[in-house]
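Engineer:
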Amino acid sequence: MHSEILAANRRPPAEPPDPGSNLPSLVHWKPPETGFLTINCDAGWSPNLHARLGTIIRDHRCNFVGGAAKAISCLSSDQAEAEAVILGLDLAKELGLQHVIVEFDNKTLMGDLMGFKSSCWSTYLIIERIRNLGRCILDCRWRWIPRNANNAAHTATSLAIEAVDLLRWAAQPPLPVLAALISDGLTATGIG
Numbered sequence: 098m099h100s101e102i103l104a105a106n107r108r109p110p111a112e113p114p115d116p117g118s119n120l121p122s123l124v125h126w127k128p129p130e131t132g133f134l135t136i137n138c139d140a141g142w143s144p145n146l147h148a149r150l151g152t153i154i155r156d157h158r159c160n161f162v163g164g165a166a167k168a169i170s171c172l173s174s175d176q177a178e179a180e181a182v183i184l185g186l187d188l189a190k191e192l193g194l195q196h197v198i199v200e201f202d203n204k205t206l207m208g209d210l211m212g213f214k215s216s217c218w219s220t221y222l223i224i225e226r227i228r229n230l231g232r233c234i235l236d237c238r239w240r241w242i243p244r245n246a247n248n249a250a251h252t253a254t255s256l257a258i259e260a261v262d263l264l265r266w267a268a269q270p271p272l273p274v275l276a277a278l279i280s281d282g283l284t285a286t287g288i289g
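Given below as structure tokens:
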């Protein structure tokens, strides 16, 4: 079954956009350098204070390492995005990962983590918790990525809609996440 899904969803990797071009281009997730894992994080938020969080961990060979999704209450979309990073770092800590690149598509969060601007009151303590979790990992890096390069984590957030509690996946991701991973380059050998 995995080979059928792989064949149906195989796409060639996109080239980086040409800075001089005005044509829209597709950007896909890129694997980390050898020895690192990426933790992709995303969140969805609605004004009724409901948020859906998702995180996906992969290695430099595009292999799926783990993932999680969770529904929580949040005051803002920025707070939800920060909580998604905590979800990813908690999973990394649980798995004993020591060389990670945390990727997310929220520029405000990147500015907060890099100290480029002041955090708003609703995310200040969450940003400090993220920094502390990052310090518990031997080599933890932050990276902003475009939204369409964060599709697997975005797909994971959709699974949190009906979740009453935390959802976690180790060897086998759910089919919607599997399809997103395949479009990013996952092979049959990368599935537990």
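Start counting the sequence shown at 98; every next residue gets the next number (the working numbering).
Built from N, CA and C at the ideal position, the CB exists for glycine as well.
Note that the coordinates shown come from a computational prediction; the quantities given were computed from them, not determined experimentally.
1. Please classify Thr262 as buried or exposed, where buried requires at least 16 neighbouring CB atoms within 10 angstroms.
2. Go through its chain and collect everything with a Cβ distance to Gly132's Cβ below 6 Å, but skip five positions before and after it.
3. Just to confirm before moving on: does the CB-CB distance between Ile198 and Glu180 stay below 8 Å?
4. With a 10 Å radius around its C-beta and 16 neighbouring C-beta atoms as the bar for buried, classify Leu272 as buried or exposed.
5. Indicate, with yes or no, if the ligand PLP has a heavy atom lying under 7 Å from the CB of Asp281.
6. My output table needs one value for Val182: the three-state DSSP class, helix, strand or coil.
7. For a quick check, are the C-beta atoms of Ala249 and Asn160 less than 8 Å apart?
8. I need the boundaries of the alpha helix (DSSP H) containing Arg240, first residue and last residue.
9. Helix, strand or coil for Pro121, going by three-state DSSP, please let me know.
10. Between which two residues does the alpha helix (DSSP H) holding Asn229 run?
11. If contact is defined by three or more beta carbon pairs under 8 Å, each pair taking one atom from either stretch, is the segment 263-270 in contact with the segment 232-247?
Structural biologist: Here's the rundown:
1. A quick correction: the sequence has Asp, not Thr, at residue 262. Asp262 is exposed by the Cβ-count criterion.
2. His196
3. no
4. exposed
5. With respect to small molecules bound, the structure shown includes none, and the ligand PLP cannot be examined in it.
6. helix
7. Not closer than 8 Å, so no.
8. Segment 236-241 is the beta strand (DSSP E) holding Arg240; no alpha helix (DSSP H) there.
9. Unreliable placement is indicated for Pro121, whose pLDDT of 45 sits below 50; the coordinate value is still reported in the next sentence. Three-state DSSP puts Pro121 in coil, outside helix and strand.
10. 221-232
11. no
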